[in-house]
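Colleague: For the sequence shown, the working numbering assigns the number 869 to the initial residue and increments by one for each residue that follows.
Following this message is one structure expressed as structure tokens.
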Amino acid sequence: ADPSTWSVSISNQSLYQKNEILANQTSLTKTVMTGDIAHDLSMGLEWMYERQRTETYTANGVTTAYNNLYNPDPYTPMSGYEKASGYTDGRTDTIALYGSDTIKLSPAWMVNLAFRGEHYSAKTATLPSVLGKSGMLRSWKAGVVYKPAANGSIYAAMANSQTPPGGGAFVLAAA
């Protein structure tokens, strides 16, 4: 058969999503000597507002639409999708303090220490409920770097990392 006549069925993904992010991060850095030991210090403050609203659509009397596989028409009409009353509106606000110290004991040995403390407030609104949670998260990192040669290093570290409830989808669950 003639490939120029091949077609494929198309469908609407039935999702409308709006994302908003506003953030400010202010950092200060300084190198301090304590005797023969150098400390590369970094500290800062971070504020972030994140919101995601997802509205749902239902398929009501959807008709199958087709488009040419090799010459698709982006304006092919899709019928039968209607905005539903359901939605998810999630928001997370955080403010954090963080700091790190890279301690240069010698040209071959360094120690890295870091911390982050953040207060979060997360909220998810769906029909018919609103769930919210706030609290503190504490993260840390400790590592050692050994540089046996100028062009190579060996690194070992331990750390934890935490994210406010709701994750990337901004959806809290009753559990």
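Glycine residues also receive a C-beta, built at the ideal position from the N, C-alpha and C atoms.
Just so it is clear, the structure is predicted and the values come from calculations on it, not from any experiment.
Assign residue 942 to one of two classes, buried (16 or more other C-beta atoms within 10 Å of its C-beta) or exposed (fewer than that).
Modeller: exposed
Colleague: If you check the beta carbons only, do residue 958 and residue 992 fall under 8 angstroms apart?
Modeller: Remark: C-beta atoms of residue 958 and residue 992 approach each other more closely than 8 angstroms.
Colleague: Give the DSSP-derived three-state secondary structure of residue 891 in the structure shown.
Modeller: strand
Colleague: Looking at the unbroken beta strand (DSSP E) that takes in residue 982, where does it start and where does it end?
Modeller: 977–994
Colleague: Taking only three categories from DSSP, how would you classify residue 871?
Modeller: helix
Colleague: Determine whether the beta carbon atoms of residue 1044 and residue 1027 lie at a separation below 8 angstroms.
Modeller: The requested residue 1044 does not occur in the structure, where the chain is confined to residues 869 to 1043.
Colleague: State the start and end residues of the unbroken beta strand (DSSP E) segment that holds residue 938.
Modeller: Premise fails: residue 938 is in no beta strand (DSSP E) and is neither H nor E.
Colleague: Once the 5 residues before and after residue 972 are set aside, which same chain residues still bring their CB inside 6 angstroms of it?
Modeller: 906 and 978
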